[in-house]
């Protein structure tokens, strides 16, 4: 089997019953319009013929044509009314089609929303948004409160705050403990060093004793 043997798919017809009804009504309306034009043409001929008969003193034949003319006028009025009804029916059906399309569009839209809501519930979305905004909103609330407090205190500027920070750093430097200072009595001298010092002092004192 090749591609040439495969049957081509026929396009799916989208003609609805409403479309067929509208088409039939329009065809009937067009036929009535043609009939109306024929009646008008016949009425004009009958009127001219009746005038001719009157000029020829054929009053009864002229009267007969006038009766025929009245009958045709009645048919013409009924045809006109029927055409109005057909126009109204066509408009109503077309409006209903538009209305049905709108309703169908709303139905499809609602189904799409339902599917989206099934994937993620609205409450869950709001919860996620609240969680992401809560931190930023809390921080902004604290900043606003601090700004209001700073504005209510006279002289509370950024420069003053910097100077206060410098003062705090200076106070920290002053409060650092000084290195310990050892007294002479607290110095511990090793024993051998003390012996060497005593021997040296004795040698220095021997010449003085000899004199």
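Residue numbers (our numbering): -17 to 193.
Beta carbons are placed, not taken as given, at the ideal position from N, Cα and C, and that holds for glycine.
No experiment lies behind these values; they were computed from the predicted model shown.
| query | result |
| --- | --- |
| What residue from 10, 46, 1 and 41 has the CA that sits closest to residue 25's CA? | 46 |
| Below 6 Å CB to CB, which residues in the same chain sit around residue 36 once its five sequence neighbours on both sides are set aside? | 44 |
| Once the 5 residues before and after residue 0 are set aside, which same chain residues still bring their CB inside 6 Å of it? | 75 and 79 |
| Give the DSSP-derived three-state secondary structure of residue -4 in the structure shown. | coil |
| Below 8 Å between beta carbons: does that hold for residue 33 and residue 51? | no |
| Under the three-state reduction of DSSP, which class applies to residue 67: helix, strand or coil? | helix |
| What is the DSSP secondary structure of residue 10, counted as helix, strand or coil? | helix |
| Determine the direct distance from the alpha carbon of residue 53 to that of residue 9, and round the result to whole angstroms. | 25 Å |
| In whole angstroms, give me the CA-to-CA distance for residue 66 and residue 17. | 15 Å |
| Under 6 Å Cβ to Cβ from residue 7, same chain only, skipping five residues before and after it: list those, please. | 68, 71 and 72 |
| Using only alpha-carbon positions, find the residue among 15, 5, 3 and 82 that is nearest to residue 60. | 15 |
| Suppose the cutoff is 7 Å on Cβ atoms and the five residues either side in sequence are ignored; what does the same chain contact list for residue -4 look like? | none |
| Taking C-alpha atoms, which residue in 23, 4, 5 and -2 lies nearest to residue 58? | 23 |
| Within a Cβ cutoff of 8 Å, which residues of the same chain sit near residue 21, ignoring the five residues on either side of it in sequence? | 54, 57, 58 and 61 |
| Please classify residue 38: does DSSP put it in a helix, a strand, or coil? | coil |
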